[in-house]
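K.L.:
Structure below; questions to follow.
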Amino acid sequence: MNKTKRIVILSLMVAQALVLSLIESWIPLPSPVPGVKLGLANIITVTVIIFYGFKDALSVVLVRCILSSIFGGGFTGFFFSMAGGILSTIVMYVLYSRGSKVFSIIGISIAGAVAHNIGQTIIASFVMKDVAIFMILPVLLISGVVMGFFVGLCSSFLERTLRNSKIFT
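Sequential numbering of the sequence shown, starting at 0, is according to numbering that gives the first Met the number 0.
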């Protein structure tokens, strides 16, 4: 694939992740604790890991975090999004590159969602200067498993669809 096509596709991936992130911010989720989200942008992150690898996936996550904070997340939200996004991308890449024969895309996505919630909880503890915030972590981890499963299903479908298309050839 030539460099121009690669840049165009990765730019489209950033745009898709940004749109999914913004749509997600408009969907209210009933939750006993703050921070529970669908994680729809991770569909794109998983897809980029599969087709392009860690460096490009991390670039997509970083640009998406910056743009989503500009378009609606605010300054504080930027740090939460960045911490969760970076940690989940690292975890998903390691599992995909080292254990894709052991872990399915769904399993990788679940691990990424859990890592995302852990990363955001760590940042929250620094912002609040209180480790008591970790008391909500069990709820966030359960939601991470559920949402990660859903995102993994979507990512798996997208991966199969894109492999059968001529976009990545």
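The beta carbon of each residue, even a glycine, is placed where N, CA and C say it ideally should be. Since the model is a prediction, treat every value here as computed from it, not as a measurement.
Near SER87, what residues of its chain come up, given a Cβ to Cβ distance below 6 Å and the 5 sequence neighbours on each side ignored?
P.N.:
What you label residue 87 is simply residue 88 of the sequence shown in a count that begins at 1. Closer than 6 Å at the Cβ level, and outside the excluded window around SER87, lie GLY111, ALA114, HIS115.
K.L.:
Who are the Cβ neighbours of GLU158 in its own chain at under 7 Å, not counting the five residues just before and after it?
P.N.:
For the purposes of this step, residue 158 is identified with residue 159 of the sequence shown, where counting begins at 1. Counting only Cβ-Cβ distances below 7 Å, and skipping sequence neighbours, we find THR46, ILE49, ILE104.
K.L.:
Looking at the structure shown, is PHE125 part of a helix, part of a strand, or coil, going by DSSP?
P.N.:
As a first step, residue 125 must be located in the sequence shown, where it is residue number 126. Helix, per DSSP.
K.L.:
Taking the continuous alpha helix (DSSP H) assigned at ALA82, which residues delimit it?
P.N.:
Mapped onto the sequence shown, residue 82 falls at position 83. Per DSSP, ALA82 belongs to the alpha helix (DSSP H) from 73-98.
K.L.:
Check for me: the alpha helix (DSSP H) holding MET134 runs from which residue to which?
P.N.:
Taking the sequence shown and counting its residues from 1, the one referred to as residue 134 is at position 135. No alpha helix (DSSP H) contains MET134, which DSSP labels as neither H nor E.
K.L.:
Is SER164 helix, strand or coil when you go by DSSP?
P.N.:
Walking along the sequence shown from the start, residue 164 turns up at place 165. DSSP places SER164 in coil when its eight states are reduced to three.
K.L.:
On the premise that ILE8 lies in contact with ILE183, defined as a C-beta separation below 8 Å, what is that separation, rounded to the nearest angstrom?
P.N.:
Lying outside 0 to 168, the shown extent of the chain, residue 183 is not represented and no answer is given.
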